[in-house]
Every structure is written in C-alpha cells, then in structure tokens.
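> Note that the sequence shown covers residues 7 to 263 in the numbering used here. Quick reminder that beta carbons are idealized off the backbone N, C-alpha and C, glycines included. Remember, it's a predicted structure, so these values are computed and weren't measured experimentally. One structure, pasted below without further comment.
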Amino acid sequence: MRSFFYKKKLDQHFLKDKNIAKKIVKNLSFQDYNTVVEIGPGLGILTTYLLSICSKVFLIEIDEELIFFLRKNFSISNNQIIHKDFLKWNPEEINLKNFALIGNFPYSISSQILFHLLKYNQYIPECIGMFQKEVAERIISHEGKKTYGILSVLIQTFYDVKYLFTVKKHVFFPVPNVQSAVLLLKRKKKIKAFNKNILFKCVKMSFNQRRKILKNSLKSFIKKIPNFYNLPFLNKRAEQLSIREFIQLTNEIEIRK
Ligand code: SAH
7 MRSFFYKKKL DQHFLKDKNI AKKIVKNLSF QDYNTVVEIG PGLGILTTYL LSICSKVFLI
67 EIDEELIFFL RKNFSISNNQ IIHKDFLKWN PEEINLKNFA LIGNFPYSIS SQILFHLLKY
127 NQYIPECIGM FQKEVAERII SHEGKKTYGI LSVLIQTFYD VKYLFTVKKH VFFPVPNVQS
187 AVLLLKRKKK IKAFNKNILF KCVKMSFNQR RKILKNSLKS FIKKIPNFYN LPFLNKRAEQ
247 LSIREFIQLT NEIEIRK
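Structure below.
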C-alpha cells in the first residue's frame, strides 16, 4: 500500500522482520482453544502467519484505512475483520468464549489492554504480546523489586508469564524510541478463590501510595471493617507483599465484611 501514511497518534510501528513475526506466532500453543484474536493487525505481518496455522482468526483494528487494506488483502470473512477500538470490544458480543489474544500492541495503551484482558480472563487461556521492554519487565517483576507494581500482581495472579525475547528498534517502521519485548501469558490452571473486586482495590490503592505502609495506604478502605487492625501485613509496604500475600489479605478482608 504505497500511499499509506502511518499515524503517530495510533502508535503505528509496523514490524518489518518476517522471521520475528513467525517466531511470535509459533509460540501459540493451541491447547484448549482454536480461535485467535489479533489486536491491531496493521498491515498484517502477524496475520499472514496466523492464517497459515489457524482458520478462526478475528482482527480488531481501529484505523479504517487499515481495515480497507485488510479486507482487500486477506481472505477472511468481513465480520472477522472488526473495525473497533479494542478497549471497547466485548467478546460476548460475538459469543467468543475461548480464544487466545495476540498482537504487537500499541504501546501507549498496553496497560489498558492488559486490564481489558483481566476483565475477560475467563475466556482467554493464552496471550502473546509485544510490549515496550520496560513495561514487559514490570509485568514479570516480583516483590522486593522497584519494578514490581499493580500489573505485576494482577497479571501474575491469573497468568504464568514468560519473557520470550527482546526485539530491537530497527525492525520496525517507523523506528520507535524504545526497545520491545515479547511476553507469553498462560492462564493458571488452578486459581485460589478470592473476591476479585477486593483484590483489585487493595492492589491499586496500596501501590498508588507505594511508600506508605498498608495501614495508611488502605486506610479509607479498611477502616469500616470490624477488627481491621488484626489484618495481616498492615505494617508492610505494597512492594513487600507477594501475590499470595495479597490474596491472603483479600480473603481476610472478605471474611470480616
Ligand atoms: N501488528 C502490526 C501493527 C502494530 S502497530 C505489526 O506488527 O506490524 C499497532 C497497531 O494497533 C496499528 O495497526 C494501530 O492502528 C492499531 N491500534 C492502535 N490503537 C488501537 C486500538 N485502541 N484498538 C485496536 N487497534 C489499535
């Protein structure tokens, strides 16, 4: 498409290296699912490889010009090429209940993409995404590290995360300012029962004031709870708590309510 001008505001950085595209797609396991949803297919470098191994592919692209291009160049039915902002897409609308997510994600919304994934995690057993390297490092981080934060806890609560490989800038057009990395997320087989709303609230509130101990950062939330001063970990800071401890705290709050 010679006349295509990339749009900076849509975070368009197109992958040029076909071997990297192949390597990303090759990591899909197709265990327990046969449908793949691609976020931001762009000019379709990943799509080409996806279609060579999987017949049920849905593409979600926000740029109308690219939608025309994809419809013209890929032989998949038009209702599988969806013109939409992924953050407003609800898989239930098209009755999709079991699929993998893949994409070279638009970096400025990659955290929001992950929160969207967490909203629908019951339908998504696997996700492979290209992230800004720093964001990827935050997602895989552990307690005690500076990079440990909201996304590390929430993603690792539901998914086992693997850092697949680093990707250099020059394989994209236009060249981004940052390095990239590809992550593989596999949903955990067993997730202990807990109240999702309480966990999200605790994690967000405690990391939003990460220098404070939980007694202070969670104050407005827990002060209404009977015997809240008996809750565990109140003298620790968010980054000192493991994922298991966040879940323990969530369950202690739940039983007191
Ligand atoms: N996958 C392609 C393009 C990556 S660039 C490749 O690897 O070359 C990011 C892509 O995401 C662009 O096509 C951009 O138009 C699209 N995009 C940006 N914001 C989006 C959103 N909110 N929802 C869906 N697609 C989006």
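1. From which residue to which residue does the alpha helix (DSSP H) around T256 run?
2. Hey, C133 and L191 are a contact pair by Cβ (cut 8 Å); roughly how many whole angstroms apart?
3. Have a look at K210 and S116 and give me their C-alpha separation to the nearest angstrom.
4. Output yes or no for whether 8 Å exceeds the beta carbon distance between I260 and I204.
5. Can F179 and F74 be called in contact, C-beta distance under 8 Å?
6. Restricting to runs no shorter than 3 residues, where is the beta strand (DSSP E) found entirely within the segment 100-143?
7. Tell me which residue opens and which closes the alpha helix (DSSP H) that T163 is part of.
8. Can you say whether R262 is buried or exposed, counting buried as having 16 or more other CB atoms within 10 angstroms of its CB?
9. Report yes or no: do the segment 75-91 and the segment 49-66 share at least 3 C-beta pairs separated by less than 8 Å?
10. Taking the alpha-carbon positions, what's the E258 to N241 distance?
11. Look at F137 and A187 and say whether their C-beta atoms are less than 8 Å apart.
12. What are the uninterrupted segments assigned as alpha helix (DSSP H) that are 4 or more residues long and contained completely in the segment 41-76, given in chain order?
13. Do the segment 91-103 and the segment 32-40 touch if we need at least three Cβ pairs shorter than 8 Å?
14. For F11, is the classification buried or exposed, using 16 other Cβ atoms within 10 angstroms of its Cβ as the cut-off for buried?
15. Which value, in whole angstroms, describes the spacing of the CA atoms of S248 and K202?
16. Relative to the C-alpha of F64, which candidate in N25, D23, I108 has its C-alpha closest?
17. What three-state label does DSSP hand H89 in the structure shown?
18. Rounded to whole angstroms, what's the CA-CA distance from N84 to A106? Just pull it up for me.
19. Mark E70 as exposed unless 16 or more other C-beta atoms lie within 10 angstroms of its C-beta, in which case mark it buried.
20. Determine which residues share a DSSP beta bridge with Y235 and list them.
21. Is it true that the CB of T163 sits closer than 8 Å to the CB of I228?
So, to answer that:
1. Here residue 256 refers to the residue found at position 250 of the sequence shown. Taken as a continuous stretch (DSSP letters only), the alpha helix (DSSP H) holding T256 covers 249-262.
2. Your numbering for residue 133 matches position 127 in the sequence shown. Your numbering for residue 191 matches position 185 in the sequence shown. Their Cβ separation, rounded to whole angstroms, is 4 Å, which keeps C133 and L191 in contact under 8 Å.
3. Within the sequence shown, numbered from 1, the residue matching residue 210 stands at position 204. Within the sequence shown, numbered from 1, the residue matching residue 116 stands at position 110. Roughly 17 Å between the two C-alpha positions.
4. Your numbering for residue 260 matches position 254 in the sequence shown. Your numbering for residue 204 matches position 198 in the sequence shown. According to the sequence as given, residue 260 is Glu; it is not Ile. Contact: yes.
5. Counting from one through the sequence shown, the residue named residue 179 turns up at place 173. Counting from one through the sequence shown, the residue named residue 74 turns up at place 68. Not a contact, by the Cβ cut-off of 8 Å.
6. 106-110, 132-138
7. Counting from 1 along the sequence shown, the entry for residue 163 is found at position 157. T163 -> alpha helix (DSSP H) spans 156-164.
8. Looking up residue 262 in the sequence shown gives position 256. Exposed, by the Cβ-count rule.
9. yes
10. To locate residue 258, count along the sequence shown from 1; it is residue 252. To locate residue 241, count along the sequence shown from 1; it is residue 235. Taking the straight line from one Cα to the other gives about 15 Å.
11. On the sequence shown, residue 137 is found 131 positions in, with the first residue counted as 1. On the sequence shown, residue 187 is found 181 positions in, with the first residue counted as 1. Their beta carbons are under 8 Å apart, which means F137 touches A187 by this criterion.
12. 51-59
13. no
14. Taking the sequence shown and counting its residues from 1, one reaches residue 11 at position 5. That one is exposed.
15. On the sequence shown, residue 248 is found 242 positions in, with the first residue counted as 1. On the sequence shown, residue 202 is found 196 positions in, with the first residue counted as 1. Distance between the alpha carbons of S248 and K202: 16 Å.
16. As a working mapping, residue 64 is identified with position 58 in the sequence shown. Comparing Cα-Cα distances from F64 to each of N25, D23, I108, the minimum goes to I108.
17. As a first step, residue 89 is located in the sequence shown; it is residue number 83 there, counting from the start. If DSSP states are grouped into helix, strand and coil, H89 belongs with the strands.
18. Counting from one through the sequence shown, the residue named residue 84 turns up at place 78. Counting from one through the sequence shown, the residue named residue 106 turns up at place 100. Between N84 and A106, the C-alpha separation is close to 20 Å.
19. For this step, residue 70 is matched to residue 64 along the sequence shown. E70 comes out exposed.
20. Against the sequence shown, residue 235 aligns to sequence position 229. Note: Y235 sits in no beta bridge, so no partner.
21. Residue mapping note: residue 228 aligns to position 222 of the sequence shown, counting from 1. Residue mapping note: residue 163 aligns to position 157 of the sequence shown, counting from 1. No, these two residues do not count as a Cβ contact at 8 Å.
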